[in-house]
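**Student:** Going by the numbering used here, the sequence shown opens with residue 189, and the numbers climb by one from there.
Think of the CB as a built atom: it goes at the ideal place given N, C-alpha and C, for glycine as much as any other residue.
Please read through the structure below; I'll follow up with questions.
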Amino acid sequence: MYKIIISIFFSAVFFPVSAQRISIEEYVEQYKEVAMDEMKRSGVPAAITLAQGILESESGNSELVKRSNNHFGIKCKSTWTGETVSHDDDENGECFRAYNNAVESYRDHSNFLKANERYRSLFDLDPVDYEEWAKGLKKAGYATNPKYPALLIQYIQRYELQQYSLAALGQGPKMDVAKAAGNGILPGNSKPENVVSENTDAVIPGDPGKVIRMNDIKCVFVTSGTSLLAVANKNNISLNKIMEFNELTGEGLLTKDQYIYLHKKSKAGTREFYIVQSGETVYDIAQLAGIQLKYLLEYNSIQSGVKLSPGTKLFLQPGFKSVVNTLEDPKTKIHLVAAKEGLYAIAKAYKVSIQELIEWNKLESDDLKIGQEIIISK
Numbered sequence: 189m190y191k192i193i194i195s196i197f198f199s200a201v202f203f204p205v206s207a208q209r210i211s212i213e214e215y216v217e218q219y220k221e222v223a224m225d226e227m228k229r230s231g232v233p234a235a236i237t238l239a240q241g242i243l244e245s246e247s248g249n250s251e252l253v254k255r256s257n258n259h260f261g262i263k264c265k266s267t268w269t270g271e272t273v274s275h276d277d278d279e280n281g282e283c284f285r286a287y288n289n290a291v292e293s294y295r296d297h298s299n300f301l302k303a304n305e306r307y308r309s310l311f312d313l314d315p316v317d318y319e320e321w322a323k324g325l326k327k328a329g330y331a332t333n334p335k336y337p338a339l340l341i342q343y344i345q346r347y348e349l350q351q352y353s354l355a356a357l358g359q360g361p362k363m364d365v366a367k368a369a370g371n372g373i374l375p376g377n378s379k380p381e382n383v384v385s386e387n388t389d390a391v392i393p394g395d396p397g398k399v400i401r402m403n404d405i406k407c408v409f410v411t412s413g414t415s416l417l418a419v420a421n422k423n424n425i426s427l428n429k430i431m432e433f434n435e436l437t438g439e440g441l442l443t444k445d446q447y448i449y450l451h452k453k454s455k456a457g458t459r460e461f462y463i464v465q466s467g468e469t470v471y472d473i474a475q476l477a478g479i480q481l482k483y484l485l486e487y488n489s490i491q492s493g494v495k496l497s498p499g500t501k502l503f504l505q506p507g508f509k510s511v512v513n514t515l516e517d518p519k520t521k522i523h524l525v526a527a528k529e530g531l532y533a534i535a536k537a538y539k540v541s542i543q544e545l546i547e548w549n550k551l552e553s554d555d556l557k558i559g560q561e562i563i564i565s566k
C-alpha cells in the first residue's frame, strides 16, 4: 500500500512537468518577433534564426536551454567574457555561453555571425534565399551534422518560417493582429501581448467583437459604423469610460475600423518604435500600439493632428531622441541613431543601400552610437 501511495505521488508530481514541453508551433509564436527584430538589426534572416533555434534548442526544451538560455548551441570561444555553463556535446564538459534570457541569446547569435570572419560571405547572399543561407552555415562550419542544411530547410518549409523574413523586410502579407494577440507569448511574459508590426496598414482586421489583448490591455476590434454605446453595453462598461479609455470626443458611430480598449491604455508600447504607413495618423498608431496618445506625442516631440510622412519612425517608448518627418517637412535628410539600431535597419527604412550610408557618412565601421547623426540621402 505504501509503495502504491508513493507511486501515485510521483506520478502526480512529475507527469505535469513532462507535459510542459514546448511544441515547435509554440516556440515559433514565442520568438518570431525577436527573430524579425534581429533581422532588421543585423541582416540575419528571421527564417534561418528560427529554424536554428528549433534545431539547436529542441524548440526550447533542451537541457542546455533550461540551464543557460542558450538557444543556438554557441560555445564559449576565446572572446567570450560572460557567464558560462559546462555541457556535454561533441566532448564531455564543454564550455557553452550562458545568458540571462532568450533575447540575449538571439542577439548574441546575430552578433556571433556578423563578427566572425568565416560567416562574412553569408551576408552577401539574398536574405530571402534561405536554402543558400542554410548551406552556407554548414559550409562555414557552424555545425558538423552533414544533414544540417536539409534540417533547417525542412523546418522553414514545414512551419512556413519564410513569412517572418518577408515580414521583416516589409514584403510579407498583413499580420493577423487578433491572432497574434491571442497566441503571441513574448519572451519572459506569460500573458498574451500585441505585436506591433512595423509594416502594416493602420488597422489590421481582427475578429469583430472578440475580446483580445493589445499591449496586454483588453480591447475589441470594431468596424466602421458601429455605435460606441453598443460596444459599451456589450462589454458592461459605461459610455463615458469607453470614450475616456480611447481618447474619443464624439459618442456616435465610429467612422473607421479600429480597436476599442476596455481599460486604460498603457504609457508605452511593447516595442521601441513603429514605422508610419501611408494615411496613418498619430491617433491610429496610438490605438494600434495600445498607448495613450499624450505619451506617444511626448516621446516624439510632436503635436496632435500633425500629418506624418510614410516611413517616419515613431518611438513607442521613452528615452529616445526622435527626428520625425512630417508632410510639412518631407526633406529631412538626417537620421538620429536609436538604441539597438544598425546600418541594416536604417538602410531598409530609407530604402538605400548600406554601402551608400557608409560612403555618405564616411564610416569606417558599422558600429553606431545612440544619437549619432546619419545622412540618409545624397
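Quick check: what's the CA-CA separation for Leu310 versus Ser565?
**Tutor:** Computed Cα separation, rounded: 27 Å.
**Student:** CA-CA distance, Lys362 and Val253?
**Tutor:** Low per-residue confidence applies at Lys362: pLDDT is 37, beneath 50, and the placement is therefore not dependable enough to give any value.
**Student:** Return the CA-CA distance between Asn304 and Ala322, expressed in angstroms with no decimal places.
**Tutor:** Near 17 Å, if we compare the C-alpha coordinates of Ala322 and Asn304.
**Student:** If I'm right that Ile425 touches Ser454 with Cβ under 8 Å, what's the distance once you round it to whole angstroms?
**Tutor:** Not a contact, Cβ separation roughly 18 Å.
**Student:** Does DSSP classify Leu165 as helix, strand or coil?
**Tutor:** The structure shown does not extend to residue 165, since the chain is modelled only from 189 to 566, so the question has no answer here.
**Student:** If you draw a straight line from the alpha carbon of Gln240 to that of Leu339, how long is it in whole angstroms?
**Tutor:** C-alpha separation (whole angstroms): 9 Å.
**Student:** Report, in whole angstroms, the separation of the C-beta atoms of Val316 and Val222, which I expect to be a contact under 8 Å.
**Tutor:** About 19 Å separates the two Cβ atoms, so there is no contact after all.
**Student:** Which of helix, strand or coil does DSSP assign to Thr237?
**Tutor:** Note: Thr237 maps to helix in three-state DSSP.
**Student:** Beta-carbon separation of Ala477 and Tyr352 under 8 Å?
**Tutor:** Going by C-beta atoms, Ala477 is not nearer than 8 Å to Tyr352.
**Student:** Which residues does DSSP pair with Phe461 in a beta bridge?
**Tutor:** Phe503, per the DSSP bridge assignment.
**Student:** If I follow the unbroken beta strand (DSSP E) through His275, where does it start and stop?
**Tutor:** From DSSP, the beta strand (DSSP E) with His275 extends over 272-275.
**Student:** Closest to Ala331 by C-alpha separation, out of Asp277, Lys536, Glu271, Gly438, would be which residue?
**Tutor:** Closest option to Ala331, Cα to Cα, is Asp277.
**Student:** Would you identify the three-state DSSP class for Tyr447, choosing helix, strand or coil?
**Tutor:** Tyr447 falls in the strand class under three-state DSSP.
**Student:** Please classify Phe409: does DSSP put it in a helix, a strand, or coil?
**Tutor:** Reduced to three states, the DSSP call for Phe409 is strand.
**Student:** Could you check if Thr500 is buried or exposed, using at least 16 other CB atoms within 10 Å of its CB as the buried criterion?
**Tutor:** Result: buried.
**Student:** Given a cut-off of 8 Å on the beta-carbon distance, is the pair Ala456 and Pro506 in contact?
**Tutor:** Yes, the Cβ-Cβ distance between Ala456 and Pro506 is below 8 Å.
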